[in-house]
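Below is one structure, written out as structure tokens, with a few remarks after it.
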Amino acid sequence: MLDTRPLLLKTDFPPINRAALEILQVNLGYKCNLSCVHCHVSAGPNRTELMNKRNIESVLNYICQRDIKILDLTGGAPEINPHFKYLVKEARKSGVEIIDRCNLTILKEPGFEDMAGFLAEQGVTITASLPCYMPQNVKKQRGKGVYEDSITALKGLNTLGYGLDLDKKLNLVFNPDGLNLPPSQISLEKKYKSELFSRHGIIFNQLFTITNMPIKRFGAMLLAKGLYEQYMMILRNNYKEENVETVMCRNLLSIDYNGYVYDCDFNQMLQIPIMNRGKAKTHITELLSLDVKENPIAVGEHCFGCTAGQGSSCSGALEN
Numbered sequence: 127m128l129d130t131r132p133l134l135l136k137t138d139f140p141p142i143n144r145a146a147l148e149i150l151q152v153n154l155g156y157k158c159n160l161s162c163v164h165c166h167v168s169a170g171p172n173r174t175e176l177m178n179k180r181n182i183e184s185v186l187n188y189i190c191q192r193d194i195k196i197l198d199l200t201g202g203a204p205e206i207n208p209h210f211k212y213l214v215k216e217a218r219k220s221g222v223e224i225i226d227r228c229n230l231t232i233l234k235e236p237g238f239e240d241m242a243g244f245l246a247e248q249g250v251t252i253t254a255s256l257p258c259y260m261p262q263n264v265k266k267q268r269g270k271g272v273y274e275d276s277i278t279a280l281k282g283l284n285t286l287g288y289g290l291d292l293d294k295k296l297n298l299v300f301n302p303d304g305l306n307l308p309p310s311q312i313s314l315e316k317k318y319k320s321e322l323f324s325r326h327g328i329i330f331n332q333l334f335t336i337t338n339m340p341i342k343r344f345g346a347m348l349l350a351k352g353l354y355e356q357y358m359m360i361l362r363n364n365y366k367e368e369n370v371e372t373v374m375c376r377n378l379l380s381i382d383y384n385g386y387v388y389d390c391d392f393n394q395m396l397q398i399p400i401m402n403r404g405k406a407k408t409h410i411t412e413l414l415s416l417d418v419k420e421n422p423i424a425v426g427e428h429c430f431g432c433t434a435g436q437g438s439s440c441s442g443a444l445e446n
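My numbering applies: residue 127 is where the sequence shown begins, and numbers increase by one.
Okay, structure coming up:
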């Protein structure tokens with residue numbers, strides 16, 4: 127696979143320092159039942175990387191000893207990790223909000239039939255990927271049958287109270303196709319809510335629009351089609367200085383399946399570790415002796431993706 131990493135390391139992106147840590151984002155592994163075109167993780171059915179029980183325990187220990195407000199679980203399909211339910215149950219005892227970044231179709235896979243009920247029982251916030259409310263666009267990005275399975279899963283989640291009950295939040299994620307930046311999140315959310323309700327009777331809480339990052343599978347596609355420079359020019363030309371103050375890496379840490387620490391999920395994929403006294407890598411077990419507040423954040427060319435246009439984060443646009 128073509129790799130954009132060497133092109134992204136050298137940058138003139140402005141320096142950023144950390145604020146107070148609030149969110150621990152944990153990648154439970156790169157195994158997934160889908161292989162989406164825009165995936166910056168290059169997740170798929172043939173990936174074997176999964177977080178083991180020892181690192182799960184290290185995550186739980188860190189949550190208990192630090193004032194973490196949100197545990198954000200991602201992958202691949204995080205639910206595939208055999209310790210997923212254990213992690214959720216134990217983390218809930220600490221009172222943190224838990225987000226499951228769900229691709230929806232996993233809820234229809236054999237062996238996962240009870241997963242939606244488990245998430246509802248635990249009060250887990252579901253942030254689910256649905257690139258479009260139209261089936262042809264979803265098929266283009268995610269494959270045949272994904273739209274139909276996603277709609278079925280969303281209906282099932284509504285039946286369980288998701289999108290309706292205060293303790294069962296259901297958020298959707300939009301990724302643009304091609305070289306486009308996301309449109310206005312506010313306007314698109316209204317369109318999503320109208321279309322999904324009128325077509326399928328589906329209700330959800332919020333829509334998050336996220337810019338595609340020139341990393342891994344999406345980055346390889348850009349290189350293969352000779353579009354990398356054009357896409358980077360779009361990101362740079364739409365850079366907004368004010369977005370730097372609210373980028374997600376200022377109050378988030380990303381943990382990979384081996385327990386190593388990064389400033390964000392994108393840095394994780396590029397193997398750019400947090401800055402820690404010149405160490406090549408920092409494990410989550412070492413974090414308890416490290417105060418990351420005011421720590422400089424490792425930046426690269428991909429950071430223009432988070433600050434272009436209305437801005438982009440794991441919680442959608444930075445601008446309201």
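Just so it is clear, CB atoms sit at the ideal spot from N, CA and C, and this is done for glycine as well.
- Closest by C-alpha distance to L128, out of M374, R343, R325, G201, is R343.
- With fewer than 16 other beta carbons inside 10 angstroms of its own, Q356 counts as exposed.
- Under a 10 Å Cβ-count criterion, M395 is classified as buried, with 16 or more other Cβ atoms of the shown protein chains found around its own Cβ.
- CA-CA distance, G269 to Q191, rounds to 42 Å.
- Per DSSP, reduced to three states, the secondary structure at R227 is strand.
- H209 sits in coil when the DSSP states are folded into three classes, being neither helix nor strand.
- For R131, the CB contacts under 7 Å within the same chain, skipping 5 residues up- and downstream, are L396 in chain order.
- Only residues of its own chain outside the window of five on either side were considered, and among them L154, P204 have a CB closer than 7 Å to the CB of F210, listed in chain order.
- Within the same chain, and ignoring the five residues on either side of S255 in sequence, the residues whose Cβ sits closer than 6 Å to its Cβ are N229, V299.
- Taken through DSSP and simplified to helix, strand or coil, I329 comes out as coil.
- When the five nearest sequence neighbours on each side are left out, the beta carbons in the same chain lying within less than 6 Å of the beta carbon of T411 are those of S184, in order along the chain.
- CA-to-CA, the gap between A242 and K219 works out to about 20 Å.
- For the 8 Å CB-CB criterion, V373 and T433 form a contact.
- G282 and E420 have their C-alpha atoms roughly 43 Å apart.
- Restricting attention to N331, I423, L349, the CA atom closest to the CA of G287 is found in N331.
- Residues M374 of the same chain have their beta carbon placed closer than 6 Å to that of S439, with the five preceding and five following residues left out of the count.
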